[in-house]
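Worksheet: the structure to be examined is printed underneath.
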Amino acid sequence: ETVDLKQRRGKEDWTLLHWAAIHGRGNAVRLLLEKGAESEARDSEGRTPLIAAAGWGHVGPMRELLERGVNYVALDDYGRSALHLAVMRGHRGPIPILLDLKLDPCAKDQDGRDALCWAVCQGHLDQAELLLERGARLDTVEESGYPLLQMAAMHGRNTLVSWLLDKGLPLDGKKGHGR
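In terms of our numbering, the sequence shown is residues 8 to 186.
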């Protein structure tokens, strides 16, 4: 019996490769790729298997996909990269891999948020520290005009408010502090 590698399932419109990637099945990802699965297939929100794997924090499938030269700068329908999704969902493992590929930590999605904005809004201090070490900027402002300190406060992220103040961000929210 043959398997249709282009078959899609669920409201997400995932291919078999998407399913293997989001469930952390690196060996299945490798096998599907060897059998001709479309490595750049998009789901209902424009996410490739790489973006999906990063969004679910699965490094093994990411490595299998990257070894085969997938487009690691691909964006989903919201302008979000694999880095954005990994940070949004609190998965630290993919972040160094993606940053080693020279993904820009300051790249903004369609809402004007970069990876550091997402780390702050979601309350991920360890990710915020890593992103700052790897080139993110403290003076980032989202599309609505809110600086990081205000976003941290609005989302009730007290640990991040303290961390940002320790980094020298001014209480008045004015620009002037980069890295």
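From the three backbone atoms N, C-alpha and C, an ideal C-beta is built for every residue, glycine too.
For Gly142, the closest alpha carbon among the candidates Pro112, Leu105, Gln134 and Ala122 is that of Pro112.
DSSP, reduced to helix, strand and coil, places Pro56 within a helical segment of the structure shown. For Thr166, the uninterrupted alpha helix (DSSP H) run begins and ends at Asn165 to Asp173, by DSSP. According to the DSSP assignment, Trp125 belongs to the alpha helix (DSSP H) that extends over Ala122 to Gln129.
The shortest CA-to-CA distance from Pro154 to any of Cys128, Thr55 and Leu137 is the one to Cys128.
Around the beta-carbon of Thr166, fewer than 16 other beta-carbon atoms lie within 10 Å, marking it exposed. The secondary-structure analysis by DSSP pairs Pro101 with nothing; it has no beta-bridge partner. Per DSSP, the beta-bridge partners of Pro154 are Val148. The criterion of a C-beta distance shorter than 8 Å is not satisfied by Leu108 and Val77.
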